[in-house]
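Taking it in order: structure first as C-alpha cells, then the write-up.
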Amino acid sequence: MKLLLIISLVIAVSSHTVDEIQKARSECYSELEISEDLIQKYKKFEFPDEHKTHCYIRCANLKLHLFDDEHGFKVDEIVNLFESAHAENVQSFKGDVQKCIDDLENHDEDKCTWAYKTYMCFLSHHAALIRKHTVKN
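Going by mature numbering (1 follows the signal peptide of the UniProt record, and there is no 0), the letters in the sequence shown line up with residues -15 to -1, 1 to 122, in that order.
Now the structure itself:
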C-alpha cells in the first residue's frame, strides 16, 4: 500500500516541525536565488528536472540533516520523521525508502542530482505522506 506522504510526516512525533521545514526551504530559496515561479511549483510539489531544483532538494535536506554529501539520504532519520504517520506499516515504508537510497540509478557524482533522483523516488512511493507532514495547513 503506497501512500503519498514522505515529505510531510507526522509533526507531533517528528524530529522536525513544519516551521523548521519551512525555514529550511526559505533559506534555500534565498541561498539559491530560486525564482518565484519555481517556488510556486515547489509548493505544489512540482519539481522540474533541472539543476536549480536538484540543488534546492539537496539544500533543504542538508539543512534538515536528512541528507549528507558523503552518504546521501539517511534512512533512519527519514523513517523517524514519518514513523508515527506510517506506524502500522513502518517496515514496508522503511523498505521503500531503503530501495530508493540503494538504487544505483539514483546515485550521481553531482550531489544535487543524487539528492533529486532519490527524493523523486521517495515521492513516487509516498507523496501524500510527505505533503501531509511538511506543509502548513
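Here a beta-carbon is modelled for each residue, glycine too, at the ideal position from N, C-alpha and C. Only a predicted model underlies this, so the values are computations on that prediction, with no experimental measurement involved.
Can the beta-carbon of residue 96 be found less than 7 Å from the beta-carbon of residue 43?
To locate residue 96, count along the sequence shown from 1; it is residue 111. To locate residue 43, count along the sequence shown from 1; it is residue 58. Yes, the Cβ-Cβ distance between residue 96 and residue 43 is below 7 Å.
Do residue 82 and residue 63 have their CB atoms nearer than 7 Å?
Locating residue 82 in the sequence shown gives position 97, counting from the first residue. Locating residue 63 in the sequence shown gives position 78, counting from the first residue. Cβ atoms of residue 82 and residue 63: closer than 7 Å.
Given a threshold of 16 other Cβ atoms within 10 Å of its Cβ, counted over all protein chains shown, does residue 36 qualify as buried or as exposed?
Here residue 36 refers to the residue found at position 51 of the sequence shown. Classification of residue 36: exposed, given that the 10 Å Cβ count is below 16.
Spatial neighbours of residue 84 within its chain, please: CB distance less than 6 Å, with the 5 preceding and 5 following residues excluded, ordered by chain position.
The sequence position of residue 84 within the sequence shown is 99, counting from 1. Around residue 84: no qualifying Cβ.
Could you check whether residue 98 and residue 39 sit closer than 7 Å to each other, using their CB atoms as the reference points?
One-based indexing of the sequence shown puts residue 39 at position 54. One-based indexing of the sequence shown puts residue 98 at position 113. Closer than 7 Å, so yes.
Rounded straight-line distance, which links the Cα of residue 26 to that of residue 32:
To locate residue 32, count along the sequence shown from 1; it is residue 47. To locate residue 26, count along the sequence shown from 1; it is residue 41. Using only the alpha carbons, I get a separation of about 7 Å.
Give the DSSP-derived three-state secondary structure of residue 53 in the structure shown.
Position 68 of the sequence shown, counted from the first residue, corresponds to residue 53. Residue 53 carries a strand assignment under DSSP once its states are collapsed to helix, strand and coil.
CB-CB length for residue 88 against residue 106, believed under 8 Å
Taking the sequence shown and counting its residues from 1, the one referred to as residue 88 is at position 103. Taking the sequence shown and counting its residues from 1, the one referred to as residue 106 is at position 121. Yes, residue 88 and residue 106 are in contact; Cβ-Cβ is about 6 Å, under 8 Å.
Using the rule of at least 16 other Cβ atoms within 10 Å of the residue's Cβ for burial, across every protein chain shown, is residue -8 buried or exposed?
As a position in the sequence shown, residue -8 is number 8, starting the count at 1. Residue confidence is low: residue -8 scores 32 on pLDDT, short of 50, so the model does not pin down where it sits. Its coordinate-derived value is still stated next. Buried: at least 16 other Cβ atoms inside 10 Å.
Are there 16 or more other CB atoms within 10 angstroms of the CB of residue 111, so buried, or fewer, so exposed?
Stepping through the sequence shown from its first residue, residue 111 is reached at position 126. By the neighbour-count rule (16 or more Cβ atoms within 10 Å), residue 111 is buried.
Is the distance from the Cβ of residue 66 to the Cβ of residue 41 below 7 Å?
Mapped onto the sequence shown, residue 66 falls at position 81. Mapped onto the sequence shown, residue 41 falls at position 56. Their beta carbons are not under 7 Å apart, which means residue 66 does not touch residue 41 by this criterion.
Using a threshold of 6 Å, is the CB atom of residue 26 nearer than that to any non-hydrogen atom of the ligand ATP?
The ligand ATP is absent from the structure shown, which contains no ligand whatsoever.
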